[in-house]
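Engineer: Residue numbers (our numbering), protein chains in the order written: chain A, 486 to 778; chain B, 341 to 616.
(1) Listing by chain order, which chain A residues have their CB less than 7 Å from the CB of residue 580 (chain B)?
(2) In the structure shown, what three-state DSSP assignment does residue 534 (chain A) receive?
(3) Can you tell me whether DSSP reads residue 504 (chain B) as helix, strand or coil?
(4) Would you mind sorting residue 568 (chain A) into buried or exposed? The rule is 16 or more other CB atoms within 10 Å of its CB.
(5) The alpha helix (DSSP H) that contains residue 593 (chain B), what's its start and end?
(6) From what residue to what residue does the alpha helix (DSSP H) around residue 582 (chain A) run?
(7) If you check the beta carbons only, do residue 569 (chain B) and residue 380 (chain B) fall under 8 Å apart?
(8) Do residue 421 (chain B) and residue 526 (chain B) have their CB atoms nearer than 8 Å?
(9) Compile a chain-ordered list of the residues in the region 559 to 573 of chain B whose CB is closer than 7 Å to at least one CB of chain A.
(10) If contact means a Cβ-Cβ distance below 8 Å, which residues of the region 739 to 773 of chain A contact chain B?
(11) Would you tell me roughly how many angstroms separate the C-alpha atoms of residue 355 (chain B) and residue 579 (chain A), rounded to the nearest one?
(12) Give me the subset of the region 459 to 477 of chain B whose CB atoms are less than 9 Å from a CB atom of chain A, sorted by chain position.
(13) Would you tell me roughly how many angstroms separate the C-alpha atoms of residue 642 (chain A) and residue 435 (chain B), rounded to the nearest one?
(14) How would you label residue 614 (chain B), buried or exposed, when you count the other beta carbons within 10 angstroms and need 16 or more for buried?
(15) Tell me which residues share the same chain as residue 486 (chain B) and place their Cβ nearer than 7 Å to its Cβ, disregarding the 5 neighbours each side in the sequence.
(16) For a cutoff of 8 Å on Cβ pairs, would you count residue 680 (chain A) as touching chain B?
(17) Please identify, using Cβ separations under 9 Å, the residues of the region 549 to 582 of chain A that lie next to chain B, in order along the chain.
(18) Report the rounded CA-to-CA distance for residue 562 (chain B) versus residue 414 (chain B), giving the unit in angstroms.
(19) Would you say residue 623 (chain A) faces chain B, with C-beta separation under 8 Å as the test?
(20) Quick one: what does DSSP say residue 353 (chain B) is sitting in, helix, strand or coil?
(21) Buried or exposed for residue 714 (chain A), going by 16 or more other Cβ atoms inside 10 Å?
(22) Tell me, which residues are paired with residue 525 (chain A) by DSSP?
(23) Is the CB-CB distance between residue 607 (chain A) and residue 587 (chain B) below 8 Å?
(24) Assuming residue 590 (chain B) and residue 603 (chain A) are in contact, meaning their beta carbons sit under 8 Å apart, how far apart are those beta carbons, in whole angstroms?
(25) Pick helix, strand or coil for residue 454 (chain B), following the three-state DSSP scheme.
(26) Do you know offhand how far residue 468 (chain B)'s Cα is from residue 693 (chain A)'s?
(27) Can you find a CB in chain B that lies within less than 8 Å of the CB of residue 685 (chain A)?
(28) Look at the Cβ atom of residue 463 (chain B), then the Cβ atom of residue 745 (chain A), and state whether they are nearer than 8 Å.
(29) List in chain order: all unbroken alpha helix (DSSP H) runs of 4+ residues lying wholly within the region 578 to 654 of chain A.
(30) Specify the secondary structure class of residue 498 (chain A) as computed by DSSP and reduced to three states.
(31) Is it true that the CB of residue 504 (chain A) sits closer than 8 Å to the CB of residue 585 (chain B)?
(32) Using 8 Å as the threshold, is the C-beta distance between residue 644 (chain A) and residue 716 (chain A) below it?
(33) Does chain A have any CB closer than 8 Å to the CB of residue 604 (chain B)?
(34) Using a beta-carbon distance cut-off of less than 9 Å, what residues from the region 369 to 391 of chain B approach chain A?
(35) Does residue 405 (chain B) get closer than 8 Å to chain D when you measure Cβ to Cβ?
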């Protein structure tokens with residue numbers, strides 16, 4: 486009675502086949518292969534040679550690894566902190582639904598849909614020491630020019646600035662949708678009880694929004710940890726490796742030095758960090774969140 | 341009332357200043373792209389274009405293979421988007437509407453791939469492309485980008501919300517599962533398809549690292565890779581006007597797609613992130 490084409494499992498196979506093949510070939514197997522490669526020495530030609538934990542051991546003995554890691558953490562925490570707090574303020578402003586603010590929302594979102602390559606080229610000109618806009622502003626204020634991208638003290642903050650400028654709109658939209666799903670009765674109750682604007686904000690809105698704040702932070706963390714394009718365009722990791730971030734270093738090891746084993750070990754360090762941050766945030770989210778749907 | 345109005349005015353002002361800061365770099369880009377080349381090296385820097393000319397656009401279109409980069413980006417993004425829409429809606433439908441053994445496990449496995457940073461797969465994927473002889477072909481630029489756990493998740497969430505009566509009545513009329521999907525569910529999921537489509541197009545259009553790795557001949561480069569190579573080809577003095585004209589051309593299609601589908605796009609990212 487039950488013919489093949491009447492069975493769900495037959496159709497499930499048909500519907501899932503393309504994605505199954507694709508995701509196994511281009512996601513699953515590479516992720517596992519990468520883990521194996523992190524225990525090998527391989528220059529892409531010939532076959533990988535198993536060397537046990539050597540890649541990880543040499544990584545942990547390499548001062549450059551700690552430098553890159555420290556810079557990446559500084560970059561990530563700096564970007565996330567700036568982006569999340571600015572985005573929250575902007576979203577609260579936009580949520581007042583004043584006339585004409587939808588155009589502002591669109592403007593904040595423009596950098597999000599532009600490519601990082603385009604954005605980096607744009608900012609590269611702004612950072613230009615001789616003709617750029619930033620040093621023009623400094624000159625108006627009577628300050629000596631700064632060699633933004635070639636100054637070891639300024640290069641990383643510049644990359645943070647570009648990253649925040651590009652990502653701000655994305656976090657803002659997420660906050661806006663979080664704000665719009667807040668229970669109105671709590672806000673009204675606060676108003677009835679005579680709370681002023683800042684009391685309502687810190688005592689009602691922020692606690693109610695804590696789920697969203699955590700979620701946006703997780704997403705922002707994960708995105709900024711994977712920064713590559715802006716470093717490639719703006720500084721190539723320089724000056725003196727001060728803007729060399731984890732993913733750029735991975736790229737250098739793999740495709741400039743052809744050290745695939747070491748690159749894979751870096752990839753797994755990156756994976757582990759992202760996993761740990763996600764888990765920590767999930768853990769704290771359960772403790773701190775005051776309100777959950 | 342007075343206090344409320346003052347607060348609103350301050351909010352308005354702050355938002356306006358903020359969005360001015362956001363839009364200023366774009367204005368600088370447009371001013372440079374529309375002004376004669378030597379203005380980039382003049383002082384003070386331009387905020388508004390002077391002596392408007394389209395010369396930079398003509399120059400960039402004539403320079404090297406810029407037009408080819410544009411066409412490559414267009415072809416790759418269009419096919420990737422179409423591929424994502426078809427494969428993700430099929431898989432999303434199966435996860436939402438069909439019963440089969442191992443469904444939840446498989447779905448969780450698919451979701452788990454979203455937690456893995458793409459860079460983790462970079463070396464094995466590159467060597468796979470190498471082994472298959474796909475380096476420097478459109479295949480390497482398109483095929484790996486077609487499969488998307490995020491898209492499957494997005495489509496599944498949408499198909500879960502549609503009422504059961506839809507497939508019951510279609511089944512009584514003798515529709516096969518394929519018919520039910522293709523004639524009923526697929527057309528009904530236009531809002532989600534639009535969200536995924538816009539998302540797929542923009543990310544494919546903007547992607548850089550993968551196309552940088554798998555292409556080394558000029559005629560296969562995409563716009564971001566082409567712009568990056570343009571930029572690094574300048575030695576002493578960068579021709580900023582030319583570069584800005586090229587950059588402007590490269591951001592316009594993504595911005596247009598976003599503006600046309602803003603509503604779907606935003607509902608897509610917020611439903612994928614906040615409500616998950």
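Glycine is no exception: its CB is placed at the ideal position from the N, C-alpha and C atoms.
Structural biologist: In brief:
(1) Per Cβ cutoff of 7 Å: 610.
(2) Secondary structure at residue 534 (chain A): strand, using DSSP grouped into helix, strand and coil.
(3) In the structure shown, residue 504 (chain B) adopts coil according to DSSP, grouped into three states.
(4) With 16 or more other Cβ atoms within 10 Å, it is buried.
(5) Segment 580 to 600, the alpha helix (DSSP H) holding residue 593 (chain B).
(6) For residue 582 (chain A), there is no enclosing alpha helix (DSSP H), as DSSP gives it neither H nor E.
(7) In this structure, residue 569 (chain B) sits away from residue 380 (chain B), with a CB-CB distance that is not shorter than 8 Å.
(8) Pairing residue 421 (chain B) with residue 526 (chain B) gives a Cβ-Cβ distance that is not under 8 Å.
(9) Within the region 559 to 573 of chain B, the qualifying residues are 564, 567, 568 and 571.
(10) So the close ones are 739, 740, 745, 748, 749, 752, 753, 755, 756, 759, 760 and 763.
(11) Each residue's alpha carbon lies about 8 Å from the other.
(12) Result list: 459, 460, 461, 462, 463, 464, 465, 466, 467, 468 and 470.
(13) Residue 642 (chain A) and residue 435 (chain B): Cα-Cα distance of roughly 45 Å.
(14) Bear in mind that the predicted position of residue 614 (chain B) carries a pLDDT of just 44, short of 50, making it unreliable; the figure below should be weighed with that in mind. Counting other Cβ atoms within 10 Å of its Cβ, residue 614 (chain B) reaches 16 or more and is therefore classed as buried.
(15) Within the same chain, 420, 423, 424 and 427 come within 7 Å of residue 486 (chain B) by CB-CB distance, once the 5 residues on both sides are set aside.
(16) No - not a single Cβ of chain B is within 8 Å of the one on residue 680 (chain A).
(17) Within the region 549 to 582 of chain A, the qualifying residues are 571, 574, 575, 577, 578, 579 and 581.
(18) When rounded, the distance between both Cα atoms is 9 Å.
(19) Not one beta carbon of chain B lies nearer than 8 Å to the beta carbon of residue 623 (chain A).
(20) Looking at residue 353 (chain B) - three-state DSSP - the assignment turns out to be helix.
(21) Residue environment analysis places residue 714 (chain A) among the buried positions, since at least 16 neighbouring C-beta atoms fall within 10 angstroms of its C-beta.
(22) Note: residue 525 (chain A) sits in a beta bridge opposite A:535.
(23) In terms of Cβ geometry, residue 607 (chain A) and residue 587 (chain B) form a close pair [threshold 8 Å].
(24) Yes, residue 590 (chain B) and residue 603 (chain A) are in contact; Cβ-Cβ is about 5 Å, under 8 Å.
(25) Collapsing the DSSP output to three states places residue 454 (chain B) in coil.
(26) Rounded to whole angstroms, residue 468 (chain B) to residue 693 (chain A) spans 47 Å at the Cα level.
(27) Judged by the 8 Å Cβ criterion, residue 685 (chain A) is not in contact with chain B.
(28) The answer is yes: Cβ separation under 8 Å.
(29) Complete alpha helix (DSSP H) runs here, min 4: 586 to 598, 601 to 611 and 618 to 625.
(30) Helix, per DSSP.
(31) Against a cut-off of 8 Å, the Cβ pair of residue 504 (chain A) and residue 585 (chain B) comes out as no contact.
(32) Going by C-beta atoms, residue 644 (chain A) is nearer than 8 Å to residue 716 (chain A).
(33) Using a Cβ-Cβ cut-off of 8 Å, residue 604 (chain B) does not count as an interface residue toward chain A, since no Cβ of chain A sits closer than that to its own.
(34) Result list: 369, 372, 380, 381, 382, 383, 384, 385 and 387.
(35) Among the chains of the structure shown, chain D does not appear; the protein chains present are A and B.
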